[in-house]
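One structure is given below, encoded as structure tokens.
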Ligand code: MN
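In our numbering, the protein residues as written are 26 to 269.
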């Protein structure tokens, strides 16, 4: 993987915690290396955060300057007050509970958060929001999980003016898409910053002063092809550095 890391920008010494996936029995923890590369290229120090107890989360929070909520399986719908419906995918309850805890604590402590795909959904649930368990069944949209290369652009998103995202990416941008769930009702302290043509929420951000940004696409897979996507990581790492 080190060959794919590429040239690093001026290091700013911000430590970014990256949440990890695991298999259902918890025997292995893992993470796509594209997340690590994107943070490193943006000048941050990536630190992997395997799911664990609240005590572990508190220890992590003493070290990290920013929190990257990464992609993965579905959030257990019981955690936002719904029973599982047909179409719900793989759920790892221990990961959900750990990430909800560390996200709420990071929000409370004012640590910058970048949330990607499942991470954005998790951020929304942490703030009291809900999700569509399966976009195809509940919205009838097949726009969002077409398969193919992870860096291929699948659809466009319309970005709201006056948002952080709009400042970096302009009014419209092409994105990749590998999700079957989406934000339904928005959590507290969040606003919509981008949508796709079928009305699916594609990005959210915090309404406060602290950097809190969620995107439904995978910018970490795009930075080598579409440099504008690098701005997400660059601004995130810069915000984490300022918060030290
Ligand atoms: Mn999409």
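Ideal Cβ placement from N, Cα and C applies to all residues, glycine included.
Test: residue i CB closer than 8 Å to a CB of chain C
| i | result |
| --- | --- |
| residue 266 | Of the protein chains in the structure, only one exists, and it is not chain C. |
Residues near residue i in its chain [Cβ-Cβ closer than 7 Å; skip 5 each side]
| i | result |
| --- | --- |
| residue 231 | 214, 215, 237 |
| residue 51 | 119 |
| residue 56 | 43, 45, 46, 73, 95 |
| residue 115 | 98, 99 |
| residue 71 | 41, 43, 61, 64, 65 |
| residue 188 | 218, 230 |
| residue 104 | 121, 125, 150 |
| residue 117 | 47, 49, 98 |
| residue 101 | 116, 118, 121 |
Residues that DSSP places opposite residue i in a beta bridge
| i | result |
| --- | --- |
| residue 230 | 216, 238 |
| residue 46 | 55 |
| residue 71 | 41 |
| residue 197 | 183 |
| residue 138 | 92, 237 |
| residue 156 | 208 |
| residue 99 | 116 |
Spatial neighbours of residue i in its chain, beta-carbon cut-off 6 Å, leaving aside the 5 residues before and after
| i | result |
| --- | --- |
| residue 200 | 182, 242 |
| residue 75 | 45, 54 |
| residue 85 | 42, 74 |
| residue 255 | 248 |
| residue 225 | 207 |
| residue 209 | 155, 156, 157 |
Same chain, Cβ closer than 8 Å to residue i, neighbours up to 5 away in sequence not counted
| i | result |
| --- | --- |
| residue 148 | 94, 128, 138, 140, 212, 215, 229, 237, 239 |
| residue 106 | 155 |
| residue 145 | 94, 208, 228, 229, 239, 240, 241 |
CB contact flag (residue i, residue j, <8 Å)
| i | j | result |
| --- | --- | --- |
| residue 247 | residue 218 | no |
| residue 207 | residue 156 | yes |
| residue 98 | residue 162 | no |
| residue 260 | residue 193 | yes |
| residue 151 | residue 125 | yes |
| residue 253 | residue 198 | yes |
| residue 262 | residue 67 | yes |
| residue 184 | residue 165 | no |
CB-CB length for residue i against residue j, believed under 8 Å
| i | j | result |
| --- | --- | --- |
| residue 112 | residue 46 | That pair is no contact at about 20 Å. |
| residue 186 | residue 179 | Actually they do not touch by this definition, with Cβ atoms about 24 Å apart. |
| residue 90 | residue 265 | 4 Å |
| residue 123 | residue 77 | 6 Å |
| residue 169 | residue 205 | 7 Å |
| residue 63 | residue 258 | 5 Å |
Ligand 2 heavy atom lying under 7 Å from the CB of residue i
| i | result |
| --- | --- |
| residue 225 | What this structure holds is ligand 1, not ligand 2. |
Cβ neighbour criterion (16 or more within 10 Å) applied to residue i
| i | result |
| --- | --- |
| residue 69 | buried |
| residue 174 | exposed |
| residue 136 | buried |
| residue 92 | buried |
| residue 227 | buried |
| residue 39 | buried |
| residue 167 | exposed |
| residue 109 | exposed |
| residue 274 | The question about residue 274 has no answer here: the residues shown for the chain are numbered 26 through 269. |
| residue 221 | buried |
| residue 202 | buried |
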